[in-house]
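In our numbering, the protein residues as written are 227 to 1163.
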Amino acid sequence: MAEAGVPPVPGATYRLQFHKGFGFRDAAALAPYLARLGVSHVYASPYLAARPGSTHGYDIVDHGRLNPELGAETDFRAMVAAFRENGLSQVLDFVPNHMGVGGADNPWWLDVLEWGPDSAYAGWFDIDWRSDRRYLRGKVLIPFLGDQYGAVLQAGQLTLRFDPEAGGFAIWAYGTHKLPICPLHYQRVLGDLHPDLERLGDAFSGLPHWRPRIAQHARELQSHLAGLARDREDVRDAVEAAVARLNGEPGKGETWRELDSLIQDQHWRAAHFRVAADDINYRRFFNINELAGLRMELPELFDRAHQLVFSLMQEGALDGLRIDHVDGLLDPKGYLLRLREQAPRPFYLVVEKILSRHEGLRDDWPVQGTTGYEFANLLLGLLVDPAGEPGFTRTYAEFTRRHQDFGHGVRDSKLRIMRSEMASELNTLAGEAADVARQNPSTADFTHNILQQGLKEIVACFPVYRTYVDLLGAPTEDDRRDIDWAVAQARRNRADLDPSVFDFLHRLLTTDLVAQPRSGFSRHAVTRFAMRLQQYSGPVMAKGLEDTAFYRYNRFVALNEVGGHPDHFAVPIAAFHAANAERARRWPHAMLTTSTHDTKRGEDTRARLAVLSELPDEWARQVEHWSRILRARCGDVEGDAPPDRDDEYLFYQLLIGAWPMELTGIARLDPQAVSAFSERLQGAMVKSLREAKRHSTWAAPNRAYEDATMSFVRAALDTAGGNAFFDQFLPFQERVARLGVRNSLVQTVLKLTVPGMPDTYQGAELWDFSLVDPDNRRPVDYVLRENLLTEVTAALQADPGPTARAMIENWRDGRIKLAVTSALLAYRRVHRGLFANGSYEPLAAIGPKADHLCAFTRRHEGDALLVVAARFPARHDANPTWEGTAIAWPSVADTGAGWVDLLSKKVVRRLAETFSPDALVSDLPVAVLVPNDEARS
């Protein structure tokens, strides 16, 4: 247990993805294995009540209940007990920004649809009830239809139904989405053909006289109607007849007029999903119609949404929270402060926050750190050879036959998002800016149109996801720097606009408009606009950068990762050390991750791809050979048929990066295994094509282009008969895979030894060659992992040195990664002070291969650790000597009995001021030295 007042910091976490196929009982059964593996906490995906069939849990419909698809309350309690029995606790992924809507499962949302602005929950969702679209005033858009409203209505896919349990009426879209009828209109349904229904209909029409108990009395009347229909057959038949009278006949438009008239008078407006781009009037998570934004800044909503998690904290079931999409909140800092203040005890807190290259996490946020996106990219960058950048840039341009500037591509992608999927939000913001402008004669002539154009360009030029202007005062220096940059870039890009519009927008975004008294502007309106614009710029960046530009710019896709920077090819060793040292000073307990449910490629896929950065010329020759073989096979000598050259280039990188270990270095390919991999690869390619939005999109899939691309993929992986492509591909793949293993081990060891709290994504203790989701959420074979851990542990205890060498020689089965992971997790568990609070001191390397070595020490209260990692395995493979290269011993390196490598058990003693890496990284590419007497004990 943590000391009173001190948050319980996990030693290491293990991420579990909960869903209908993996519930509380499954997690409970894993507790002994996870404890043996060496983690201290389960890092759980959201397990509060979500939409039925949810595969991820981020579409929560009730913060106050556990997800019933994961098991009963007793199953959850049994899981918590199993964790405790094995020394484990939990960190929960919590979603405060949005809820799942649609379907029939979110009671708050259904109440809003039923009562509109008068709903007790209307203010809890970020809905614009005063839309400039007249037909939406007092209504909320429901863009869940697959065709135009009239077509869906006439097809009989919008039907009126009676709920015999609750006594209510609702329109059901496709039998899935419940759209309640307001009880004020029940008389139109009940009619006057049955005396009891006539009397009830009249009572419903009289509901306005029951203010302020309208909703409560409506529930009483609905309950009475339900009772009558349940107890009396004549009433039940009359209700069924009333419903049937309103429901028309499919294909006969005139029979649906009365139902259409009823629908038009409701507090919702059902529409084709594409209408959302122009007319959506509720804040969404990005552009996802089924996820509606919450106003978590409201105290009442905060209290309701956190009641269950605070209860779990109070009873000790939870030690921490991971806050999903913190940038979506109106006031992230205010939310985090309230979390700390109202939680029943101290707890571990990290936020999902994507940082730009120049951006740091806010010092005044009361958190332990981020969830580690920036670390994953930092670590990958260390493995990438900067010397390969010119060759990769040249090959990409020559192969695709076009030159691309990534920065311009990001701007274009953000502009596209604001013209299409997120145009409505921009239109609303421009209207609010115009309202502010009209408050003062000096700015009253700025029109909606010019303000919209200026805002669009500024948001497109934002160098960060968002700024953090709040109600408390002037923007920080960092915020002002980023706003200054965006406005300056926008001025240059849109020189055709009146420059004074940018002056006004700059003062609006920084709140300088109201910095002085008697400004002529409303402080509330100005600050509210600045804060709402911040909620918009983040999703635009996410959709433009991560979900568009990352799929258009395929120079080297290992870098196209969440929080990554594809235009920056590598990370110098000095920068890697500086980042670790800063983390040790400022965020020593931040989460460190290399794979997540959001990463676009698995950690070992990226580590393998990093090898290619050392082989730019050979890579260029290989892709040209592969393309000639595959294009010739389908008669496309000119290379003009689908896929285009950019998509083809992506395919080759995904193919070599994710090629399964069981198909590597074998004499005969297993057709079934190749076919299974082909299906995974096709899924990733389809998603990539649609996210890129060049030839296909999610909203309007180009089946012809997609089918042609999938045919290309299937032809490449056809195992029937001879395959010249495989003859060319497989030897190169085997070589890259073998070298990639060394990168993977370096990546694993560094994550487990540098400052921070490491997380292992489910299943990634063995090789993780996954592709973009949902591929990275495939079922994990835990029986295999449990058996391998038992074997590995026993073998290492019996004969550690030879066992480690044997495992690296037989690298395909992943035991070497499991062994390294479990050994370091075990050491972390015993030496928590060293890893939680230890210093970080880089060690200098000298000699011809100094840039190959990353070395550092960590010390805390007499405890010590020394890590040496060798990067660039392909370059070392071509020249396998460390002659003339050495590492300086740290300032304090006398451990009495010397040092011993935790992994190979080699003993090292200080005999000079430097030591050679030769003996340490000859078998494994990394060594973790600890005091020898301590290792023996």
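Beta carbons are placed, not taken as given, at the ideal position from N, Cα and C, and that holds for glycine.
Because the structure is a prediction, the values reported are computed rather than measured.
Excluding the 5 residues preceding and the 5 following residue i in the sequence, name in chain order all residues of the same chain whose CB lies nearer than 8 Å to its CB.
i	result
residue 530	289, 290
residue 517	284, 285, 324, 325, 326, 327, 510, 511
residue 536	568, 569, 570
residue 514	none
May I ask which residues mark the beginning and end of the beta strand (DSSP E) holding residue i?
i	result
residue 289	286–292
residue 1089	1089–1096
residue 1042	Segment 1041–1056 is the alpha helix (DSSP H) holding residue 1042; no beta strand (DSSP E) there.
residue 1127	1125–1127
residue 1082	1079–1086
residue 440	Unbroken run through residue 440 is the alpha helix (DSSP H), 440–457; no beta strand (DSSP E).
residue 350	Neither: residue 350 is in no beta strand (DSSP E) and is coded neither H nor E.
residue 747	Looking at the DSSP string, residue 747 is not in any beta strand (DSSP E), and its letter there is neither H nor E.
residue 241	239–242
residue 808	Premise fails: residue 808 lies in the alpha helix (DSSP H), 799–812, not in any beta strand (DSSP E).
residue 421	Run containing residue 421: none in the beta strand (DSSP E); it sits in the alpha helix (DSSP H), 421–431.
Can you tell me whether residue i is buried or exposed, with buried defined as 16 or more other CB within 10 angstroms of its CB?
i	result
residue 1023	exposed
residue 924	exposed
residue 914	buried
residue 578	buried
residue 331	buried
residue 863	exposed
residue 243	buried
residue 246	exposed
residue 402	exposed
residue 478	exposed
residue 233	buried
residue 493	buried
residue 825	buried
residue 744	exposed
residue 496	buried
residue 174	Lying outside 227 to 1163, the shown extent of the chain, residue 174 is not represented and no answer is given.
residue 675	exposed
Ignore the nearest five residues each way along the sequence and tell me which others in residue i's own chain have a CB closer than 6 Å to its CB.
i	result
residue 382	476
residue 650	504, 505, 506
residue 807	1066
Skipping 5 residues on each side, what residues in its chain have a beta carbon closer than 7 Å to that of residue i?
i	result
residue 655	681, 758, 759, 762
residue 388	395, 465, 469
residue 1080	608, 799, 802, 1095, 1097
residue 927	916
residue 678	652, 653, 656
residue 1108	1075, 1142, 1143, 1144
Taking the alpha carbon of residue i as the point to measure from, which residue in the options has its own alpha carbon closest?
i	options	result
residue 236	264, 254, 244, 386	264
residue 543	574, 442, 805, 522	574
residue 768	1086, 896, 786	786
residue 499	1003, 371, 798	371
residue 422	409, 442, 462, 434	462
residue 610	1100, 638, 1154, 1128	1100
residue 833	296, 784, 841, 1051	784
residue 751	663, 709, 805	663
residue 538	594, 687, 695, 320	320
residue 1063	1092, 981, 641, 726	981
residue 954	929, 555, 281, 844	844
Which residues mark the beginning and the end of the alpha helix (DSSP H) in which residue i is found?
i	result
residue 405	Element bounds for residue 405: not the alpha helix (DSSP H) but the beta strand (DSSP E), 403–406.
residue 1026	1026–1035
residue 486	483–490
residue 1099	1099–1104
residue 534	525–540
residue 378	375–380
residue 730	725–735
Taking 8 Å as the threshold (beta carbon to beta carbon), is residue i in contact with chain C?
i	result
residue 1059	This model lacks chain C altogether; it includes just one protein chain.
Complete beta strand (DSSP E) runs within the segment 565–634 (minimum length 3 residues, chain order) = Runs of the beta strand (DSSP E) inside the segment 565–634: 574–577.
Whole alpha helix (DSSP H) runs in the segment 922–948 with 4 or more residues, listed along the chain?
-> For the segment 922–948, whole alpha helix (DSSP H) runs of length 4 or above, ordered along the chain, are 929–942.
Can you list the beta strand (DSSP E) stretches of 3 or more residues lying completely in the segment 965–1038, in chain order?
-> Restricting attention to beta strand (DSSP E) runs no shorter than 3 residues, the segment 965–1038 encloses them at 983–987, ordered along the chain.
In chain order, which continuous runs of the beta strand (DSSP E) of length 3 or greater are located wholly inside the segment 279–345?
-> Runs of beta strand (DSSP E) with 3 or more residues, each lying fully within the segment 279–345, are found at 286–292, 315–320, 324–326, listed in chain order.
Counting only runs that start and end within the segment 855–929, where is the beta strand (DSSP E) found for 3 or more residues in a row?
-> Counting only runs of 3 or more, we get nothing.
Which ranges does the alpha helix (DSSP H) cover as unbroken runs of at least 4 residues, wholly within the segment 632–718, from first to last along the chain?
-> Within the segment 632–718, the runs of alpha helix (DSSP H) that reach at least 4 residues and sit entirely inside it are, in chain order, 632–645, 649–663, 674–686.
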